[in-house]
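Working notes for the structure below.
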Amino acid sequence: MPQLHCHHSPLFLSLILLALPHVLGAGHDYADALSKCILFFEGQRSGSLPAGQRVRWRGDSALSDGQAGGVDLEGGYYDAGDNVKFGFPLAFTTTMLAWGMSEFGAPGEVSNAMVTIRWATDYLLKAVSQHGRVFVQVGDPVQDHNCWERPEDMDTPRTVYSVDAANPGSEVAAETAAALAAASIAFRSSDSAYSHTLLQNAIRVFEFADSYRGAYSDNPSLKPGVCPFYCDFDGYK
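Here the sequence shown stands for residues -25 to -1, 1 to 212, where the numbers follow mature numbering (1 follows the signal peptide of the UniProt record, and there is no 0).
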């Protein structure tokens, strides 16, 4: 299993709250914690924000993401307190959110949770829109981390990173496929057409990950952008 180095993404840490109402006893307001857990993701949104955005102090940002790579990569989530969109933890978080909804979904936050998942999967569908290539990151983390600023004001490079047959990244591509597949289950009953789109893309991306094997942190064009932040130290197997 790949190990994520340096820090645990707040996106990942917030997932822990999803299961709390099911495993812990009374005495604390876990429903409120769950609600705020889902609300957190709205504060991490990148791109053009919808009219129903509940975190009102956020604005549109990174509207031209992907232009450097000739692809539309607007949307998705920023990773933590920075303005980088790291594809590996974003895909893992999406996988866990989708499984959480499939296993523990209950009235109250279902609608907001499904919107949260779809904000991620809409972005991931863009990231896999070119056959034979998966876009796995937007933003130069070194320059970004040296400049603390609001995403609405950022002026650091929006470098685009990708994996392909010549420079593979099996683990990040396969995790992206897992996110799309898990989300296809979550959307199966509410939006069958979208569920089908997610599943078909998941199958295609997994076949790509399996056919062109290698660790993405061994990729010379990716390593400066992913290490030491979400470096894969154990390889893709």
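C-beta: ideal position from N, C-alpha, C; glycine also.
Handout entry: Reduced DSSP secondary structure (H/G/I, E/B, other) of residue 212
Key = coil
Exercise for the section: Kindly list the residues whose CB is nearer than 6 Å to the CB of residue 70, restricted to its own chain and excluding five residues on each side of it in sequence; keep chain order. Expected result: 153, 154, 157
Exercise for the section: Leaving out five residues on either side along the sequence, give the residues of the same chain with a beta carbon under 6 Å from the beta carbon of residue 213. Expected result: Here the chain comprises residues numbered -25 to 212, so residue 213 is not present and cannot be evaluated.
Problem - Candidates 44, 5, 16, 123, of which the one nearest residue 101 by Cα - result: 44
Practice task
Specify the secondary structure class of residue 112 as computed by DSSP and reduced to three states.
Solution key: strand
Exercise for the section: Report the partner residues of residue 52 according to the DSSP bridge assignment. Expected result: 20
Handout entry: Sufficient close CB pairs (3 or more, under 8 Å) joining the region 133 to 149 to the region 105 to 124
Key = yes
Practice task
List the DSSP bridge partners of residue 136.
Solution key: 112
Handout entry: DSSP three-state assignment for residue 61, whether helix, strand or coil
Key = strand
Handout entry: Rounded separation between residue 92 and residue 52 - CA only
Key = 11 Å
Problem - Nearest residue (CA-CA) to residue 123, options 61, 55, 197 - result: 55
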